[in-house]
Structure formats: structure tokens, C-alpha cells
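This report refers to the structure that appears directly beneath it.
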Amino acid sequence: MRQKHKGDLSPAQLMMLTIGDVIKQLIEAHEQGKDIDLNKVKTRTAAKYGLLAQPRLVDIIAVVLPQYWKVLVPKLKAKPIRTASGTAVVAVMCKPHRCPHISFTGNTCVYCPGGPDSDFEYSTQSYNEYKYDPYLQTRNQIEQLKQLGHRVDKVEFIVMGGTFMAHPEEYRDYFIQDLHDALSGHTSNNIYEAVKYSERSLTKCIGITIETRPDYCMKWHLSDMLTYGCTRLEIGVQSVYEDVARDTNRGHTVKAVCESFHLAKDSGFKVVAHMMPDLLNVGLERDTEQFTEFFKNPAFHPDGLKLYPTLVIRGTGLYELWKSGRYKSYSPSNLIELVARILALVPPWTRVYHMQRDIPMPLVSSGVEHGNLRELAFARMKDLGIQCHDVRTREVGIQEIHHKVWPYQVELVRRDYVANGGWETFLSYKDPDQDILIGLLRLQKCSEETFRFELVGGVSIVQELHVYGSVVPVSSRDPTKFSIRALVEHWSGLPFPSPDLPDPGIKPGLRHYRQTLYHLSHQ
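Position 473 of the sequence shown, counted from 1, bears residue number 473 in UniProt numbering, the numbering being contiguous throughout.
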């Protein structure tokens, strides 16, 4: 039978030859201990077979033989930052709803464009495509991550779309139950059953983050969120100034913010604050002062921060002020300078998650003019000779991806500080010379006012237990990666709740270590 020449082959057949050739070159480079530029290999090989398009990573990964999976897939993995922290993050969007404080303030926040009454929609196509269905959103993202070469062993949900707790209870229960069932594949009868199954499935839910407001962080809200398996709250603060909260029509006071932080920490939640520099009637000097106050005042002391510089968007009250000249955004250089100085203030136990909103630039009339604000702020910090010591900047997975840096000398560092009426301990393993963070254990000793009966008596809540780097399955060991087990085995000396107590004492995802933690603390 005559052998086919390249000219006789279809584009699909040529693509398969290209993929096979790429994999062959990757295997040879691995066996010879050589580094290889994947993009150059794909471009060169596609040209060799007369193809204009490069093979997709998804298609290459799909045909990697099992014996080469561990060595090749990490080199092929798309968007490694998605699981660099050791957990696959799945962001889901609840259905649009009106801002909850309209009923008693008469309007939304002055800068807010959202809700069903908005004259445009800026939630992405993927959420609209699935009609905000929690089950479909989850399954779609899990499959995408797997196809891109990511291990999806541990999942953290982020529930977006405004104040989730303002939805009716029936909708909230349906939404959260479907998130858990999408991981486990089980059809649950209630929320308790759904949480139980997803914490023990092959793809585990190790936490849920819910966006909320201080006035939706009351005791009953917090108890419901614990039932959901929620581990982290994102609370809209925006400013520490009472006059700014009033002028922006926030519908709550700064005092209410402090009280919500206190209640949330006393319930075992990790707290992430949303802050907005460049609000009206503030200015650069007051902005700098408010972040100094925010990080030093024990009434705040958040575990994380999302920094959202103010944007002027059509259809908002701020847009009308901007059009009439009564509000003016910071210049790009002033904003970068301010963000750089804010980052230098961040304590080592706080993680900076985001530095700008994910809103398409054409929808923004004034405000942030660059899509890479974090990068520009870090460049300015380098010019000023100052550094950011937040958790994200120092974690080993991020350092490896961006700087090809790996820790050599690892030490145990303990930090204790007062926060939100209680006492917190931040235990970390780090390389002190390179300032690389390998793992952390975040503990909160509740105040005497805690309303959760399981936490009365000065027990310590495990707010977070995390080892950074590529995902390692809960029940396995990998000598080339760091895992939670090593951190747990080195910790003792603090009182943990009995493993027989109800669950809020130890967060979802940590119950695998509950017996170990309890017995270590009682040796």
C-alpha cells in the first residue's frame, strides 16, 4: 500500500502528526535534562507540517501517555497561576438582584452600576451562557481546568454577583446545594447532605467565599454561611471614614464594619476587605492615612484585601458628578504611586487578592487607565526601594512561576497579634533569605463575646491551613511539592476543639486533620 505524503493528508491528520512530534521533542528534552521553549517548539513543528495554526495545549495534553503525565503535563499546563496556590479556584455568579439597601436609603452606592436596572451588563459571557446555573457553571469550569492540565483535587468556590445573603433563603440553599452536588455527583436532599458528600468526594470542596456587606453579617447570616461550608467572607468596607460612607450612600457606618469583622472572626471566618481608594472627597493624603489606619487598627486587621480603585461608569451618581466637574479621578501616575505605597503597608499575614475590578475598559469613563495596575505598582515600588510582604507576593508557587525562585532554607516563624477583639497566631514556614512563603497556619482565639457555643472557653479556630505550590492530593505525598501534612505534624501547643464537637471549630477541608490537631494540642 502506498505511503501517504504530507500533501495527501487532511489538516486534521497533519495536526495529529504535529502533536505527536511535539510530545516526542518534549520527552527527548526531559530525558536529556534540557529546558525547552514550548511555544517555539509548537511554532517550528507546525511549520514543518505546513500548518498555519499551532496545536492547542488541550489537544496535546489529551494524548500524553500515562507514564509521561507527571513529567510533561506541568510543562504544558496552561494558566499555571490558576492552581499555583495549591487549590483550584472556581468562581460562580449568582443571579442579578437589586442592591439590598435601596429600600431604606432610596438609592444605590454613588459609584455602583450593577443590578438588573443597569443599562448594560458586564458579567462575562460564560455566566450568561449558563443562565447563572450553579451546577453548570461548576461542571464547566472543572472540565476546563482538567483539560488545561490542572489537578482538580481541592476546590474553593467564590460566589460573586453582589450581596449573596440578600437573596431569599430558598434561592441561597438551592444555589449552594448545587455547588456541592456538582463536585460530588450526588443528588442531595438538603444542604447538610450536600456539604457532607462534597467534603469527601474525589474533588473536594475545601471552602466557599461569599461576598457580603456589614449589614448582612449578623449572627443569623453567619450561622447560615457556616452551614453552607463557607470559610471566607468578602466584606465591602470601601473607606474607614464615616463622612465618605455617608457621602457615597453606603447604607451602613464604619462602626458597623468593625462590628461585622468582630462577629465574623468570632465565628471562625477569614475576612477579606474590599477597599476603594480615590473615592470622592478624600484625596491622596487622606487615602494614604486611611490605609495606615486600616492596617494598624486592631478593629480592622483583615486577613485579606481586594483593592478596587474607584471607576466612573455610565449610569451611576458618580458619573453625573464627574460630568459636571465635581469629581475628578487621580492621574495614572498618582494612582500607581498611591497603590505602591499602600502595598508597602500590607502586613505579612494579609493577602492582597486583586488590585482592580474586572470590568472592560470601554465601559469605564474615568479611573484606572491600565489593565496591569499590579505590575505597574510593583515596578514603582522597585524604583522607590520598598517591598510588598503580603502572602500572595511571597508564596512559593507564585515565586516559582514568575521568578523561577525556589526555597533552600526553611524556617518556622510565629507572629501573634490582637485583632477584632480576639488574639490571632500566624504560623508560617518561609525561606528568610529570599522571603518565600511555603505554608501557613492561621489561628484565631475568640473573644469572650463569641456567640458560637462550640468556641466558648478560649479555644483556637483554624481559620486557614495552607501550603503553597502545585496541588497535592490530600491523601498522597510528593517529595517535590510541599503539603499540608508536614505543617500539621510540626504544630502543637494550642487548644483545639474536641473532634466530637460540631463542625464550625475546624473549617471544611481541614476535617481530614481534625484528630491530628486535637491530639497534638493535648500531648
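Here a beta-carbon is modelled for each residue, glycine too, at the ideal position from N, C-alpha and C.
Taking the Cβ atom as the reference point for each residue, do E449 and D266 lie within a distance shorter than 8 Å?
yes
Taking 7 Å as the limit between beta carbons, can you name the residues of its chain near R250, skipping five residues before and five after?
C109 and Q238
Anyone know if the C-beta pair for V22 and P55 falls short of 8 Å?
yes
Contact criterion: CB-CB distance below 8 Å. Does E375 meet it with respect to chain D?
Absent from the structure: chain D. Only one protein chain is present.
Smallest Cα separation from P348: which of N39, V368, H186 and R415?
R415
To the nearest angstrom, how far is the alpha carbon of C258 from that of C230?
20 Å
Classify W220: buried if its beta carbon has 16 or more other beta carbons within 10 angstroms, exposed otherwise.
exposed
Would T83 be called buried (16 or more neighbouring beta carbons within 10 Å of its own) or exposed?
Residue placement at T83 cannot be trusted, given a pLDDT of 49 that sits under 50; what the coordinates show is reported in the next sentence. With 16 or more other Cβ atoms within 10 Å, it is buried.
For D416, which three-state DSSP category applies?
strand
E242, buried or exposed, once every other Cβ within 10 Å from all chains shown has been counted against 16
exposed
Can you tell me which of K445, S333 and L38 puts its alpha carbon nearest to the alpha carbon of E424?
K445
Where L305 falls: helix, strand or coil (DSSP)
strand
What does DSSP give as the partner residue(s) for K445 in the beta ladder?
W423 and S460
Going straight from the alpha carbon of I336 to that of L52, what length do you get?
40 Å
Going by the beta-carbon positions, is the gap between Y111 and T248 smaller than 8 Å?
yes
In this structure, does DSSP put H221 in helix, strand or coil?
helix
Taking its Cβ as the centre, do 16 or more other Cβ atoms sit within 10 Å of I19, making it buried, or is it exposed?
buried
Between the CA atoms of S365 and W322 - distance to the nearest angstrom:
9 Å
V467 to G304, Cα distance in whole Å?
17 Å
Opening and closing residue of the beta strand (DSSP E) in which R232 lies:
C230 to Q238
Please report the straight-line C-alpha distance between K34 and K24, rounded to a whole angstrom.
14 Å
Can you name, in chain order, every residue of its own chain whose Cβ lies under 7 Å from the Cβ of Q13, other than the five neighbours on each side?
none
Could you please give the first and the last residue of the uninterrupted alpha helix (DSSP H) stretch that includes E377?
Checking the displayed sequence, the identity of residue 377 turns out to be Ala instead of Glu. It spans L373 to L384 - the alpha helix (DSSP H) in which A377 sits, taken as one unbroken run.
Determine the direct distance from the alpha carbon of K48 to that of R232, and round the result to whole angstroms.
51 Å
So, are the CB atoms of Y216 and T253 less than 8 Å apart?
no
Taking 8 Å as the threshold (C-beta atoms), are P134 and L179 in contact?
yes
According to the Cβ coordinates, are V339 and L373 closer than 8 Å?
yes
Quick one: grab the DSSP three-state call for T316.
coil
Judging by CA-CA distance, which residue of L280, F261, P277 and D278 is the nearest neighbour of V271?
F261
Buried versus exposed call for residue 537 [16 or more other C-beta atoms within 10 Å across all chains shown]
Any answer about residue 537 is impossible in this case: the structure gives the chain only from 1 up to 523.
What's the C-alpha gap between K176 and I191?
One point to set straight first is that residue 176 is Ile, not Lys, in the sequence displayed. C-alpha separation (whole angstroms): 7 Å.
Can you tell me which of H301, L26, D153 and E369 puts its alpha carbon nearest to the alpha carbon of G421?
H301
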